[in-house]
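Only one structure is covered here, and it is reproduced in the block below.
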Amino acid sequence: MKPRPLALEQPLPLAQRPGEPLAAPSDWSFELIEQYHRVIKATAERFGLDTYPNQLEIITAEQMMDAYASVGMPVNYRHWSYGKEFIATEKNYKRGHMGLAYEIVINSNPCISYLMEENTLAMQALVIAHAAYGHNSFFKGNYLFRMWTDAASIIDYLVYAKNYVAQCEEKHGLDAVESFLDSCHALQNHGVDRYRRPSRKSLAQELSERIDREAYAQRQVNDLWRTLPRTAAKEGVAPEAKRFPEEPQENLLYFIEKNAPLLEPWQREIVRIVRKVAQYFYPQRQTQVMNEGWATFWHHRLLNTMYDDGYLTDGVMLEWLTSHTNVIYQPPVGHRAYSGINPYALGFAMYTDIQRICEHPTEEDRQWFPDIAGKPWLPVLDHAMRNFKDESFIGQYLSPKLMRELRLFAITDDEKQSELEVSAIHDEAGYRRVRESLSRQYDLGQREPNIQVWNVNLRGDRSLTLRHFQHQDRPLHDSGQEVLKHVARLWGFGVQLESVNAKGEVTKRFGVQAPTGA
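Note that full-length UniProt numbering gives residue 170 to position 170 of the sequence shown, counting from 1, and the numbers run on in steps of one.
So, in structure tokens, the structure goes:
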């Protein structure tokens with residue numbers, strides 16, 4: 001792997017001040033977009049932003065809605081859920097209930113940024129700075145994306161996935177493929193490796209290995225389900241005492257792909273496709289505050305620098321600042337637009353605050369952040385971007401000053417108590433409690449149930465047992481029964497789910513019988 005460039009200590013000076021600002025009509029042209037892009041790129045290089053090569057594409061509002069619906073990807077396999085999302089987005093947009101994103105950016109190499117043709121020239125400049133240099137540098141630099149995704153191969157793999165699913169629909173029928181995808185999608189958040197780094201393979205490797213993989217998987221399944229009681233007895237182990245798997249497995253889709261006894265080869269490949277796409281999005285679910293904050297910080301920094309250097313007119317400056325202000329607006333609790341903490345607002349505020357701590361630290365900052373107070377801000381921000389996810393980023397860098405500005409405090413809601421308790425206010429202990437509480441809210445373990453493959457009845461009815469490990473004794477929602485039906489469809493036999501508390505006690509059981517015809 002090519003070593004990454006070192007972060008600059010300070011921004012590089014401007015080579016030559018322009019004689020006049022860039023042209024700034026409201027309507028854009030390809031030539032003007034290229035002129036703005038050249039200056040944005042040169043400005044980003046002065047700050048040492050390390051990005052993938054950029055590919056800018058102009059699309060219509062309808063194409064933007066289509067990209068919305070297919071989870072922001074330029075190409076994807078067909079599924080009714082994408083069409084449903086498209087119709088809902090289209091209706092809300094036409095009724096004026098929502099605006100469209102100004103851009104969509106793809107974590108690929110080259111990095112693809114979509115600009116909506118309805119944007120003004122000022123908004124196109126904002127999008128290029130935000131997506132093509134902010135998000136792009138985050139995708140390339142952050143450790144989760146470097147470890148868990150392969151930007152160079154994702155587009156080719158999605159083209160392969162689309163074509164493969166289409167072939168399956170033609171060969172096995174639309175209904176069969178669609179219902180199978182329904183079940184895979186229901187489990188896609190439980191189809192990722194959280195701790196083990198997945199292997200990186202090019203599309204050519206995937207295609208060349210598919211036939212061998214299908215044959216090998218079938219041999220493995222045949223070996224697993226072959227009944228050999230005498231072998232077990234010879235080893236001195238009672239058949240019922242042998243657990244499978246020997247250790248709990250967190251990746252449900254991977255376990256089903258490798259071990260489900262009744263799946264046909266095309267079904268195993270679809271399970272694999274869904275889990276590989278889910279793995280691609282896994283880092284994005286853990287870095288929304290950091291990613292959006294980083295992109296917002298850099299579009300703000302780059303465009304302000306261009307204005308100071310004489311490249312932007314006052315009109316362009318005011319237009320993008322209006323949009324920027326709307327993006328980082330934090331509605332108060334009780335406001336009809338309130339839906340929690342705005343990740344753009346929190347992320348932008350934190351990166352800006354880190355720069356302040358580096359450049360103008362107070363005595364409080366020196367006590368809380370002795371390692372970064374007074375240090376050059378560019379390498380400090382670069383280190384923060386590369387080495388954290390939302391949970392640890394907030395736990396490491398949220399300052400008392402920012403907690404006061406955002407008016408953050410903690411409330412304890414104990415079901416055993418009749419009243420809420422204000423458990424953390426703005427004092428030394430309270431700041432640490434607030435920071436810890438907010439950090440935990442971005443832990444996927446807090447937001448998603450921890451469900452693992454526990455056991456398979458190899459010698460009996462072939463039923464699959466899953467275990468839910470409760471977080472702080474939080475029970476599983478009753479919808480778990482419906483999700484189990486999808487597990488049973490993929491597994492082919494009965495499925496049980498045991499919900500276990502911190503003491504290891506099973507507090508609730510769910511069960512689904514084998515699908516009809518299994």
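Yeah, the Cβ is synthetic: ideal placement off N, Cα and C, and Gly gets one too.
Every value quoted in this text rests on a predicted model; they were computed, and no experiment measured them.
Item                                                                                                                       : Value
Contact check, T287 vs N142, beta carbons under 8 Å                                                                        : yes
Range covered by the alpha helix (DSSP H) that runs through Y114                                                           : It is not in any alpha helix (DSSP H) - Y114 instead sits in the beta strand (DSSP E) that spans C111 to M116.
Three-state secondary structure assigned by DSSP to L8                                                                     : coil
Distance, I411 Cα to E421 Cα                                                                                               : 6 Å
Sub-8 Å separation of A131 and D382 beta-carbons                                                                           : no
Stretch-stretch touch, CB-based, cutoff 8 Å, three pairs: the segment 351 to 371 with the segment 158 to 168               : no
Chain-order list of residues whose beta-carbon lies under 8 Å from that of W377 (same chain, five-residue window excluded) : I354, Q355, C358 and E359
DSSP bridge partner residues for T498 (one or two, in chain order)                                                         : It is Glu, not Thr, that sits at residue 498 in the sequence shown. DSSP, once it has assigned bridges, lists R467 and R509 as partnering E498.
Span separating the alpha-carbon of E243 from that of G460                                                                 : Note on residue identity: the sequence assigns Arg, not Glu, to residue 243. Cα-Cα distance, rounded: 13 Å.
Under 8 Å between C-beta atoms of V289 and D443                                                                            : no
Proximal residues to Q188 (C-beta, below 8 Å), its chain only, five neighbours per side dropped                            : L253, V274, R275, V277 and A278
Distance CB(V512)-CB(R467) smaller than 8 Å                                                                                : no
Contact under 8 Å by Cβ, V192 with Y133                                                                                    : no
Among P515, H300 and L497, the one whose alpha carbon lies nearest that of T507                                            : L497
Own chain residues within Cβ distance below 8 Å of W294, not counting five before or after                                 : G134, H135, S137, F138, G347, Y351 and M385
Y56 - partner residues in DSSP beta bridges                                                                                : The sequence shown places Leu at residue 56, rather than the Tyr named in the question. Answer by DSSP bridge pairing, in chain order: S113.
Three-state secondary structure (DSSP) of A345                                                                             : helix
Three-way DSSP call (helix, strand, coil) for Q355 in this model                                                           : helix
Spatial distance of P25 from Q470 (CA atoms)                                                                               : 58 Å
Which listed residue (E436, L406, F409 and E419) has its alpha carbon closest to that of F393                              : E436
Residue interval of the alpha helix (DSSP H) (run including N163)                                                          : I154 to H172
L174 versus L181 - alpha carbon distance                                                                                   : 11 Å
For V39: DSSP bridge partner residues                                                                                      : DSSP output for V39 lists no bridge partner at all.
Q267 in three-state terms, based on DSSP                                                                                   : helix
Spatial distance of residue 522 from T313 (CA atoms)                                                                       : Residue 522 falls outside the range modelled here, since the chain spans only 1 to 518, and no answer is possible.
Simplified DSSP assignment, three categories, for W28                                                                      : coil
Simplified DSSP assignment, three categories, for G19                                                                      : coil
Any 3 or more C-beta pairs closer than 8 Å across the segment 33 to 50 and the segment 400 to 415                          : no
Cβ distance (whole Å) where N107 is taken to contact A151 below 8 Å                                                        : 5 Å
CA-to-CA distance, W368 to T296, given in whole angstroms                                                                  : 25 Å
Buried versus exposed, by CB contacts within 10 Å (16 or more), V333                                                       : exposed
Whole runs of the beta strand (DSSP E) within the segment 396 to 459, excluding any shorter than 3 residues                : 410 to 412, 421 to 424 and 450 to 456
Whole-Å CB distance - P110 paired with Q55, under 8 Å assumed                                                              : 4 Å
8 Å Cβ shell around D309 - same chain, five flanking residues per side excluded                                            : L14, R17, P18 and T43
Whole-angstrom distance between L302 and P11, CA atom to CA atom                                                           : 11 Å
Residue nearest to Q35 in terms of C-alpha spacing, selected from T60, A122 and P53                                        : A122
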